[in-house]
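Q: Okay, here's the structure, questions in a sec.
2 protein chains.
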Amino acid sequence: MDTQPDVEMIEWRSVCPISSGLDLLGDKWSLVIIRDLITHETRTYSELLSSPEHISTNILAARLRVLTTFGIIERVDPDGVARNNAFRLTRSGAALRPVLEQLATWSQTHLKRYHEAIVNVV
Amino acid sequence: MDTQPDVEMIEWRSVCPISSGLDLLGDKWSLVIIRDLITHETRTYSELLSSPEHISTNILAARLRVLTTFGIIERVDPDGVARNNAFRLTRSGAALRPVLEQLATWSQTHLKRYHEAIVNVV
DNA sequence: CGAATTGAATTGCAATTTGCAAGTCAATCT
DNA sequence: AGATTGACTTGCAAATTGCAATTCAATTCG
Numbered sequence: 010m011d012t013q014p015d016v017e018m019i020e021w022r023s024v025c026p027i028s029s030g031l032d033l034l035g036d037k038w039s040l041v042i043i044r045d046l047i048t049h050e051t052r053t054y055s056e057l058l059s060s061p062e063h064i065s066t067n068i069l070a071a072r073l074r075v076l077t078t079f080g081i082i083e084r085v086d087p088d089g090v091a092r093n094n095a096f097r098l099t100r101s102g103a104a105l106r107p108v109l110e111q112l113a114t115w116s117q118t119h120l121k122r123y124h125e126a127i128v129n130v131v
Numbered sequence: 010m011d012t013q014p015d016v017e018m019i020e021w022r023s024v025c026p027i028s029s030g031l032d033l034l035g036d037k038w039s040l041v042i043i044r045d046l047i048t049h050e051t052r053t054y055s056e057l058l059s060s061p062e063h064i065s066t067n068i069l070a071a072r073l074r075v076l077t078t079f080g081i082i083e084r085v086d087p088d089g090v091a092r093n094n095a096f097r098l099t100r101s102g103a104a105l106r107p108v109l110e111q112l113a114t115w116s117q118t119h120l121k122r123y124h125e126a127i128v129n130v131v
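First to last, the protein sequences are chains B and V. So for the first sequence, our numbering puts the first residue at 10; every next one is plus one. So for the second sequence, our numbering puts the first residue at 10; every next one is plus one.
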């Protein structure tokens with residue numbers, strides 16, 4: 010991951026919208042970050058770090074950069090001091106809500122037998 | 010990945026259904042395999058290999074094993090000869106269709122500006 | 001006002017995962 | 001019977017992930 014990630018960084022495996030969505034978001038962390046921003050509106054770097062899944066600092070920074078590059082999240086007050094900045098979903102990012110809702114619904118009904126502590130959020 | 014994967018192989022990062030779904034399916038290949046089985050009902054190993062995304066043989070075998078372990082796919086004619094076997098979605102796997110539909114819809118509307126060749130499937 | 005603290009990262013390195021190429025092995029065609 | 005095909009497995013290199021430590025500027029504290 011470079012310091013200035015470009016939109017060209019992603020290799021689209023095919024013209025399929027499903028595989029293309031996964032080319033960008035198909036990893037263990039991106040949608041967790043987006044979940045936090047759906048439930049909390051805005052979150053700072055350290056608030057995102059404090060989520061129960063324990064993302065590590067370098068991975069968080071890298072994902073935030075990519076998500077920003079692709080217009081899924083944006084900084085609040087981007088010209089102020091870094092310390093007080095936070096991230097929020099763009100229109101595009103907010104449009105992922107139905108994807109997460111469907112995933113949550115599926116997990117709640119089909120994963121409970123393997124992971125009893127799983128909770129219902131939808 | 011062991012030869013006989015167990016349900017214990019996955020470490021659930023939290024009790025959140027979204028992160029838990031991603032613990033199992035949050036990689037670049039699982040949902041691509043599931044997409045193929047949604048659109049084709051049953052597929053053999055080599056048919057899955059021939060998809061345009063070009064999964065490699067070891068990754069495909071590993072993912073099929075995990076998806077089978079978690080009851081998302083199953084073999085057709087599991088007692089026959091391996092050569093003629095194929096995979097198909099279980100009820101649980103078929104229930105992922107809305108997740109993929111929502112992802113496809115999102116990609117079609119929000120990824121086209123970065124990946125012009127993306128096609129509409131929903 | 002200077003020192004310690006905090007928030008937002010970056011860097012180095014080890015461990016894990018991914019991916020390519022080649023090999024295995026049993027079941028069919030020829 | 002020999003070659004081929006389908007379904008994998010194995011070995012190894014490359015890329016990614018994750019942990020720990022470090023940096024660095026902006027507050028807060030004494």
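Glycine included, every Cβ here is placed at the ideal spot set by N, Cα and C.
1. Identify the contact partners of B:I127 in chain V, using a Cβ-Cβ distance below 7 Å as the criterion.
2. Less than 8 Å between the beta carbons of V:V85 and V:T51, yes or no?
3. With contact counted as at least three CB pairs below 8 Å, one residue from each stretch, are the region 29-42 of chain B and the region 18-31 of chain V in contact?
4. For B:L120, which residues in the same chain have their Cβ closer than 8 Å to its Cβ, ignoring the five residues on either side in sequence?
5. Taking only beta-carbon atoms, is B:V75 less than 8 Å away from chain V?
6. Could you tell me if V:A113 is buried or exposed, where buried requires 16 or more neighbouring beta carbons within 10 angstroms of its beta carbon?
7. For B:F79, which residues in chain V fall below 9 Å Cβ to Cβ?
8. Quick check on the DSSP output: the beta strand (DSSP E) that includes B:E83 runs from which residue to which?
9. Exposed or buried, what is V:E125 when buried is set at 16 or more other beta-carbons lying within 10 Å of its beta-carbon?
10. At a Cβ cut of 7 Å, what residues of the region 36-54 of chain V count as close to chain B, listed as they run along the chain?
11. Which residues share a DSSP beta bridge with V:F96?
12. Does any C-beta atom of chain V lie closer than 8 Å to the C-beta of B:A104?
13. Using the three-state DSSP reduction, which class does V:G102 fall into: helix, strand or coil?
14. Who are the Cβ neighbours of B:T12 in its own chain at under 8 Å, not counting the five residues just before and after it?
15. Does the separation of the CB atoms of V:L76 and V:Y54 fall below 8 Å?
A: Reading it off the structure:
1. The count along the first sequence starts at 1 and reaches residue 127 of chain B at position 118. Within chain V, the residues whose beta carbon sits less than 7 Å from that of B:I127 are V24, P26, S29, listed in sequence order.
2. Locating residue 85 of chain V in the second sequence gives position 76, where the first residue counts as 1. Locating residue 51 of chain V in the second sequence gives position 42, where the first residue counts as 1. For V:V85 and V:T51, yes; Cβs fall inside 8 Å.
3. By the Cβ test, the region 29-42 of chain B is in contact with the region 18-31 of chain V, since at least three Cβ pairs between them sit closer than 8 Å.
4. As a position in the first sequence, residue 120 of chain B is number 111, starting the count at 1. Answer for B:L120: I127, listed in chain order.
5. Counting from 1 along the first sequence, the entry for residue 75 of chain B is found at position 66. Answer no: the Cβ-Cβ gap between B:V75 and chain V never drops below 8 Å.
6. For the purposes of this step, residue 113 of chain V is identified with residue 104 of the second sequence, where counting begins at 1. Flag for V:A113 reads buried.
7. Position 70 of the first sequence, counted from the start, is the residue given in the question as residue 79 of chain B. The contacting residues are H119, L120, Y123.
8. What you label residue 83 of chain B is simply residue 74 of the first sequence in a count that begins at 1. For B:E83, the uninterrupted beta strand (DSSP E) run begins and ends at 82-85, by DSSP.
9. Translated into positions along the second sequence, residue 125 of chain V becomes position 116. V:E125 comes out exposed.
10. Under the 7 Å Cβ criterion, the region 36-54 of chain V contributes D36, K37, L40, V41, R44.
11. Translated into the one-based positions of the second sequence, residue 96 of chain V becomes position 87. Assignment of beta-bridge partners to V:F96 by DSSP yields V:R52, V:R84.
12. Mapped onto the first sequence, residue 104 of chain B falls at position 95. At least one C-beta of chain V is nearer than 8 Å to the C-beta of B:A104.
13. Translated into positions along the second sequence, residue 102 of chain V becomes position 93. It is helical.
14. Walking along the first sequence from the start, residue 12 of chain B turns up at place 3. Only weak support exists for where B:T12 lies, its pLDDT of 49 falling under 50; the value from the coordinates is given anyway. Exclusion of the five residues before and after B:T12 leaves no residue of its chain whose Cβ lies closer than 8 Å to its Cβ.
15. Taking the second sequence and counting its residues from 1, one reaches residue 76 of chain V at position 67. Taking the second sequence and counting its residues from 1, one reaches residue 54 of chain V at position 45. No, these two residues do not count as a Cβ contact at 8 Å.
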